[in-house]
Amino acid sequence: MLSVAARTAAVEWPGIVGIPTTLVVVKLLTAAAVALGAHGLYLVVVDTVERRSRSKRRLHDLRNVLRLAFGAAALVGVFGALTEQWLGVLFSLGVVGFAVTFALQQPLFSLLGWVYILVKRPYQVGDRVRIESAKGDVIDVDFLVTTLWEINGELVSSNQPSGRIVTVPNSVVLSSEVFNYSWDEFPFVWNEISIQVAYETDLAFARSEMVDVADELLGDEMRRNVERYREVLAETAVEMEVQDRPTVNVVQGESWVELRLRYLTHPRRGQRVKNELYERILERFNDHPDRVAFPVSRNR
Numbered sequence: 001m002l003s004v005a006a007r008t009a010a011v012e013w014p015g016i017v018g019i020p021t022t023l024v025v026v027k028l029l030t031a032a033a034v035a036l037g038a039h040g041l042y043l044v045v046v047d048t049v050e051r052r053s054r055s056k057r058r059l060h061d062l063r064n065v066l067r068l069a070f071g072a073a074a075l076v077g078v079f080g081a082l083t084e085q086w087l088g089v090l091f092s093l094g095v096v097g098f099a100v101t102f103a104l105q106q107p108l109f110s111l112l113g114w115v116y117i118l119v120k121r122p123y124q125v126g127d128r129v130r131i132e133s134a135k136g137d138v139i140d141v142d143f144l145v146t147t148l149w150e151i152n153g154e155l156v157s158s159n160q161p162s163g164r165i166v167t168v169p170n171s172v173v174l175s176s177e178v179f180n181y182s183w184d185e186f187p188f189v190w191n192e193i194s195i196q197v198a199y200e201t202d203l204a205f206a207r208s209e210m211v212d213v214a215d216e217l218l219g220d221e222m223r224r225n226v227e228r229y230r231e232v233l234a235e236t237a238v239e240m241e242v243q244d245r246p247t248v249n250v251v252q253g254e255s256w257v258e259l260r261l262r263y264l265t266h267p268r269r270g271q272r273v274k275n276e277l278y279e280r281i282l283e284r285f286n287d288h289p290d291r292v293a294f295p296v297s298r299n300r
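Positions 1 to 300 (my numbering) are the ones given, in order, by the sequence shown.
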């Protein structure tokens, strides 16, 4: 009589679509091992990069690139382990990719847009941008979409956060203009506030007071940042004279004169700086009612 072990070994497990079950199990385990190995290697590489990287922005981009590369390699490895036809798998994926190009053109354009964003750097995580009608701070750049914390929008004004999230397809950067308000080379913008005064105002005095107030609040910082701007400008073919102090432009109205104070600030501090300047300037003007008059009781 056969022993229990011999009888167990003699049992033939039923196959799956003509393939022995044992072989199917082995292939599945091999494919799982390849997938887990790729995932483990990805975690090791990402951990190493995180320890050595000092820039969160660069780390965000590297993590996306590594995820895409390891995902593609794992996909090829899993199919190769299941079919044992490595060249066939690569050829098949090429054919499938060619077909997907026609079936999913918009996602493909978004993926190309993501590559363009990584290479040309029109913006990155942390920048304040406007893409078509969407304006906000970039919090994520994925393979297909860019996610913004919205500012302005329909709910608020004065460059204040609305609390909403806006997603923009990456393909948009290939066909539309992108405004970056805080790019690495020069993360500052010129801003303006305007104050209306009567024609009886001593304009030279009013302009001088506005410049002095802005100089007290922003002077040293603005001069340093303008110097930085000049260095960036010197690397281009553009020749431009840039004032390192706040300036005031005069615009004539129907029954008043508009004084526009122009100054340099960081875009995220824009509204706070405006509020502070308004308060200080109006306080100065109110201290000299004999030299500064406001167009009260007139059509404005």
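Think of the CB as a built atom: it goes at the ideal place given N, C-alpha and C, for glycine as much as any other residue. Bear in mind the structure is a predicted one, so any value in this text is a computation, not a measurement.
With respect to the alpha helix (DSSP H) encompassing aspartate 215, which residues constitute its N-terminal and C-terminal limits? 203-234
Below 8 Å between beta carbons: does that hold for valine 172 and isoleucine 131? yes
Are phenylalanine 205 and arginine 291 close, meaning C-beta to C-beta below 8 Å? yes
Under the DSSP definition of a beta bridge, which residues are partnered with threonine 48? None; threonine 48 has no bridge partner.
Would you report the Cα separation of glutamate 283 and proline 169, rounded to the nearest angstrom? Straight across, the Cα-Cα distance linking glutamate 283 with proline 169 is about 47 Å.
Who does threonine 147 pair with in a DSSP beta bridge? Asp140, Thr167
What are the partner residues of glutamate 313, as DSSP defines its beta bridges? Summary: the structure shown does not reach residue 313, with the chain confined to residues 1 through 300, and so no result is reported for it.
What does the Cβ neighbour count give for phenylalanine 285, buried or exposed, with the cut at 16 atoms within 10 Å? buried
Span of the beta strand (DSSP E), counted from its first residue to its last, around glutamate 276: Unbroken run through glutamate 276 is the alpha helix (DSSP H), 270-286; no beta strand (DSSP E).
Grouping DSSP H, G and I as helix and E and B as strand, with all else coil, what is alanine 73? Looking at alanine 73 - three-state DSSP - the assignment turns out to be helix.
Segment contact flag, the region 195-212 with the region 141-148, C-beta cutoff 8 Å, min 3 pairs: A contact is defined here as three or more CB-CB pairs under 8 Å, and the region 195-212 fails this definition with respect to the region 141-148.
Per DSSP, which one or two residues make a beta bridge with valine 125? Answer by DSSP bridge pairing: none, since valine 125 is not bridged.
Quick one: what does DSSP say phenylalanine 242 is sitting in, helix, strand or coil? With the sequence shown as reference, residue 242 is identified as valine, and phenylalanine is not the correct amino acid for it. In the structure shown, valine 242 sits in coil (DSSP, three-state: anything other than H, G, I, E or B).
Start and end residues, beta strand (DSSP E) containing glutamate 258: Looking at the DSSP string, the run of the beta strand (DSSP E) that includes glutamate 258 is 257-265.
Suppose the cutoff is 6 Å on Cβ atoms and the five residues either side in sequence are ignored; what does the same chain contact list for glutamate 293 look like? One detail in the question is off: residue 293 reads as alanine in this sequence, not glutamate. Contacts found: Ala198, Glu200, Thr201.
Counting Cβ pairs closer than 8 Å, one from the region 213-220 and one from the region 273-282, do we hit at least three? With the cut-off at 8 Å, the region 213-220 and the region 273-282 touch.
Counting only the same chain and skipping the five closest in sequence on each side, list residues whose C-beta sits under 8 Å from that of isoleucine 151. Arg128, Lys135, Gly136, Asp137, Asn159, Gln160, Pro161, Ser162
With DSSP run on the structure shown, which of helix, strand or coil describes asparagine 64? helix
Which residues DSSP lists as bridging proline 161, in chain order: Ile151
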